Amino acid sequence: MKNLRLDVEGMTCQHCVGHVTKALTEVPGVEAVEVRLEENAATLTVGETFSEQAAAAALDEAGYAMGEVRAQ
16 MKNLRLDVEG MTCQHCVGHV TKALTEVPGV EAVEVRLEEN AATLTVGETF SEQAAAAALD
76 EAGYAMGEVR AQ
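The sequence shown runs 16 to 87 under my numbering.
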């Protein structure tokens, strides 16, 4: 497993944090999610089956956009 930090564009409130958390939790390979509104970012613990494309698609479907992805 590894930790990634994703920039998330479009969050404006705690309701958005809930939507982003739910969307990312449902992505295959995601083990844990922590979303921080003040940083417009999410920290994920992911396994080998995780796909950045799947995460981007899940966020897009929820109405948000994924920005830069960095290893933690």
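Even glycine gets a Cβ: it sits at the ideal position worked out from N, Cα and C. Remember, predicted model here, so these are calculated numbers, not experimental data.
Item: Would DSSP call Gly33 helix, strand or coil?; Value: helix
Item: Roughly how many angstroms separate the alpha carbons of Lys17 and Gln29, rounded to a whole number?; Value: 26 Å
Item: How about Ala73: is its C-beta nearer than 7 Å to some C-beta of chain D?; Value: The structure shown contains no chain D, having only a single protein chain.
Item: Just reading off the beta strand (DSSP E) that Leu19 is part of, what are its end residues?; Value: 17-24
Item: If you compare alpha carbons, which of Thr40, Arg51, Val32 is closest to Ala70?; Value: Thr40
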